[in-house]
Amino acid sequence: MSILSVRPAVAQLPITELGPHFGAEIRGLDLGRLDDDQVLALREALVHYKVLFVRGQDGLDDAAQIEFGRRLGEVTVGHPIHDSGDVAPEVYSLDSQDNGFADVWHTDVTFVRRPPAISVLRAVVLPPTGGDTNWADSQLAYESLSPGLRTYLDTLTAVHDGSREFGYYLAQRRKGRGNLWEGEVFADLTPVEHPVVRVHPESGRKGLFVNPGFTSHIVGVSEHESRGILDILYAHLTKPEHVVRHRWQPGDVALWDNRSTAHYANRDYADQHRVMHRITLRGDTPVGP
């Protein structure tokens, strides 16, 4: 059942749906001046639409972005490994001049036991052209698979490993000492296991919870079978009918639900400068069917 029919407050948000199932744009809302009902409605809308694009937030700075995040949930440090320099500890700065690219399909920080539930990304510096970001709906992707394959996937577990992306960075640039994450200094990248199919803790819907950025293999099958299954799932997840693409404008803020999406930032702007500031909200341990 649509949240719009359950939560009348959501219908009061200035929402423009981008498709019948996935993604919405919001104009005329100041994220720095929301009342409690609007915050609740925004959170409910995010579970329903999975990714929201809020235009016209030119007055939002890092402090206001963090404060907005605290009204939505519990804000984490910006990243368990990456040092973003002279910004608040809650901010992960993706700066193209410091290798701040995200040009591989991924879901944020799935290489920890409790990956972030929600991410909030603010455009700081945009190239004149390019730099769009794409989001894939992992729930719609799961639901459009054949019944037999869904039944099989419900039984599987996958390993998520951050060392491929951040192992060298942690060892060389951070000298083996990352950031304080959930009360402990992040000193190693021990792989973790998550269900291949995740049940959303709020909506109860199932979605694919594997991604090329951090998923290394499926447990209990051969390497050949693991690669074949993952390749099928990645190709299916990123089919055009499962994807929404956002062309950034100054003042844009994107919010997305990491429990039901994956995303990819286009690296098509050559040596032009692009800076995005992201915060994340604490999540829970992924649970399978």
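For the sequence shown, this note's numbering assigns the number 552 to the initial residue and increments by one for each residue that follows.
Even glycine gets a Cβ: it sits at the ideal position worked out from N, Cα and C.
Residue i, buried or exposed, once every other Cβ within 10 Å from all chains shown has been counted against 16
i           : result
residue 762 : buried
residue 643 : buried
residue 731 : exposed
residue 620 : buried
residue 673 : buried
Which of helix, strand or coil DSSP assigns to residue i
i           : result
residue 700 : helix
residue 694 : helix
residue 643 : strand
residue 668 : coil
residue 635 : coil
residue 688 : strand
residue 753 : coil
residue 568 : strand
residue 735 : strand
residue 613 : helix
Unbroken alpha helix (DSSP H) run spanning residue i, endpoints
i           : result
residue 774 : 774 to 788
residue 719 : 714 to 719
residue 599 : 587 to 600
The beta strand (DSSP E) enclosing residue i, as first and last residue numbers
i           : result
residue 758 : 757 to 759
residue 575 : 575 to 577
residue 808 : 804 to 808
residue 708 : 708 to 711
residue 816 : 812 to 816
Closest by C-alpha distance to residue i, when choosing among the options
i           : options               : result
residue 804 : 664, 683, 630 and 654 : 683
residue 715 : 767, 725, 666 and 668 : 767
residue 724 : 591, 650, 835 and 623 : 650
residue 764 : 652, 589 and 641      : 652
residue 742 : 752, 718 and 757      : 718
Chain-order list of residues whose beta-carbon lies under 7 Å from that of residue i (same chain, five-residue window excluded)
i           : result
residue 736 : 728 and 729
residue 565 : 577, 578, 579 and 580
residue 787 : 692 and 696
Cβ neighbours of residue i in the same chain (closer than 6 Å, five flanking residues each side left out)
i           : result
residue 747 : 704, 707, 709 and 761
Check: residue i C-beta below 8 Å from any heavy atom of the ligand SAM
i           : result
residue 756 : For the structure depicted, the ligand SAM is absent and the ligand set is empty, with no information on it obtainable.
Residues of its chain near residue i, where Cβ-Cβ distance is below 8 Å and the 5 sequence neighbours each way are ignored
i           : result
residue 570 : 795
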